[in-house]
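**Q** Residue numbers (UniProt numbering): 1 to 222.
Note that beta-carbon positions come from the ideal geometry of N, C-alpha and C, so glycine has one too.
Values in this document were obtained by computation on a predicted structure and should not be read as measured data.
Questions regarding the structure given below will be posed in turn.
Pasting the structure below:
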């Protein structure tokens with residue numbers, strides 16, 4: 001090969017090598033610009049996920065869109081409300097222990113021959129309303145000697161009951177009053193016609209409701 005031909009080929013090899021080097025440099029620069037293995041950014045998207053764990057949005061952040069909601073708080077366990085105590089049933093019968101029987105006189109003193117005014121009072125001394133049989137046949141006012149030995153008169157001696165049983169609802173602390181007038185004469189069971197006027201003296205008045213009896217109250221005839 002001549003010297004000129006050898007020079008020609010050396011120049012060609014240098015030129016080709018320069019082109020190859022230039023291509024390598026261009027490829028390296030392009031790789032550094034886009035980042036190794038990173039996909040191209042494709043613009044705005046609604047399916048972007050942050051790499052850090054999501055945090056609860058602040059009030060300012062949560063006001064923009066209704067699509068993002070804060071986690072619902074766990075429900076607080078509640079204690080069932082205690083039901084109110086039902087009111088007492090007033091139709092329950094009044095026990096004897098709840099009833100108080102008393103008797104009153106119009107005035108402490110009457111003249112012989114007058115008609116003393118007496119009053120039987122039935123009081124519910126319990127704490128709840130209740131129902132009590134206060135039928136006329138169960139109510140009685142009795143006049144006795146002061147020592148309580150001799151029975152002189154009873155409001156039931158000449159009474160013949162034709163009425164049905166009478167039950168009354170009595171509120172707690174309420175009293176039912178029944179007025180009776182005594183003619184001032186004696187009486188006896190069966191209502192005999194022979195009756196005598198009670199003489200001057202001090203006597204006792206007692207009230208009854210069935211088996212319940214009141215304390216005696218004095219009455220004076222002059």
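According to DSSP, what are the bridge partners of residue 144?
**A** In the chain shown, counting from the first residue as 1, residue 144 sits at position 144. DSSP lists 151 and 204 as partners of residue 144.
**Q** Could you tell me if residue 143 is buried or exposed, where buried requires 16 or more neighbouring beta carbons within 10 angstroms of its beta carbon?
**A** Reading the chain shown from its first residue, position 143 is the one you call residue 143. That one is buried.
**Q** If we ignore side chains and look at the alpha-carbon of each, how far apart do residue 110 and residue 186 end up?
**A** By 1-based counting over the chain shown, the position of residue 110 is 110. By 1-based counting over the chain shown, the position of residue 186 is 186. Cα to Cα, the separation comes out at about 16 Å.
**Q** What do you reckon, are the CB atoms on residue 202 and residue 218 nearer than 9 Å?
**A** One-based indexing of the chain shown puts residue 202 at position 202. One-based indexing of the chain shown puts residue 218 at position 218. Yes, Cβ-Cβ distance for residue 202 and residue 218 is below 9 Å.
**Q** Check the C-beta distance from residue 104 over to residue 121 and give it rounded, since I have them as a contact under 8 Å.
**A** Here residue 104 corresponds to residue number 104 of the chain shown, with the count starting at 1. Here residue 121 corresponds to residue number 121 of the chain shown, with the count starting at 1. Confirmed, Cβ separation roughly 6 Å.
**Q** Just tell me which of 16, 88, 155 and 102 has its CA closest to the CA of residue 172.
**A** Taking the chain shown and counting its residues from 1, the one referred to as residue 172 is at position 172. When each option's Cα is compared against that of residue 172, the closest is 88.
**Q** Buried or exposed: where does residue 115 fall if 16 or more other Cβ atoms within 10 Å of its Cβ makes it buried?
**A** Your numbering for residue 115 matches position 115 in the chain shown. Under this definition residue 115 is an exposed residue.
**Q** Helix, strand or coil for residue 96, going by three-state DSSP, please let me know.
**A** Position 96 of the chain shown holds residue 96. In this structure, residue 96 counts as helix in the three-state DSSP scheme.
**Q** Helix, strand or coil for residue 136? Go by DSSP, reduced to three states.
**A** Mapped onto the chain shown, residue 136 falls at position 136. Helix at residue 136.
**Q** Would residue 166 be called buried (16 or more neighbouring beta carbons within 10 Å of its own) or exposed?
**A** On the chain shown, residue 166 is found 166 positions in, with the first residue counted as 1. Looking at its Cβ environment, which holds fewer than 16 other Cβ atoms inside 10 Å, residue 166 is exposed.
**Q** Could you give the distance in angstroms between the alpha-carbon of residue 204 and the alpha-carbon of residue 86?
**A** Against the chain shown, residue 204 aligns to sequence position 204. Against the chain shown, residue 86 aligns to sequence position 86. Computed Cα separation, rounded: 44 Å.
**Q** Distance check for residue 84 and residue 108, CA to CA, integer angstroms please.
**A** Taking the chain shown and counting its residues from 1, the one referred to as residue 108 is at position 108. Taking the chain shown and counting its residues from 1, the one referred to as residue 84 is at position 84. Answer to the nearest angstrom: the Cα atoms are 49 Å apart.
**Q** Measure the C-alpha to C-alpha separation of residue 216 and residue 199 and round it to an integer number of angstroms.
**A** Against the chain shown, residue 216 aligns to sequence position 216. Against the chain shown, residue 199 aligns to sequence position 199. Cα to Cα, residue 216 sits roughly 19 Å from residue 199.
**Q** With a cut-off of 8 Å on the beta carbons, I'd call residue 207 and residue 134 a contact; round off their distance for me.
**A** Numbered from 1 along the chain shown, position 207 holds the residue referred to as residue 207. Numbered from 1 along the chain shown, position 134 holds the residue referred to as residue 134. 12 Å between Cβ atoms; not a contact.
**Q** Can you say whether residue 161 is buried or exposed, counting buried as having 16 or more other CB atoms within 10 angstroms of its CB?
**A** As a first step, residue 161 is located in the chain shown; it is residue number 161 there, counting from the start. It counts as exposed.
**Q** On the CB-based measure, 16 or more other CB atoms within 10 Å of its CB, does residue 91 come out buried or exposed?
**A** Numbered from its first residue, the chain shown carries residue 91 at position 91. With fewer than 16 Cβ atoms within 10 Å of its Cβ, residue 91 is classed as exposed.
**Q** In angstroms with no decimal places, state the Cα-to-Cα distance between residue 99 and residue 124.
**A** The count along the chain shown starts at 1 and reaches residue 99 at position 99. The count along the chain shown starts at 1 and reaches residue 124 at position 124. Residue 99 and residue 124: Cα-Cα distance of roughly 5 Å.
**Q** Assuming residue 176 and residue 170 are in contact, meaning their beta carbons sit under 8 Å apart, how far apart are those beta carbons, in whole angstroms?
**A** Here residue 176 corresponds to residue number 176 of the chain shown, with the count starting at 1. Here residue 170 corresponds to residue number 170 of the chain shown, with the count starting at 1. About 6 Å; that satisfies the 8 Å criterion.
**Q** Which value, in whole angstroms, describes the spacing of the CA atoms of residue 183 and residue 174?
**A** Indexing the chain shown from 1 puts residue 183 at position 183. Indexing the chain shown from 1 puts residue 174 at position 174. Roughly 29 Å separates the two Cα atoms.
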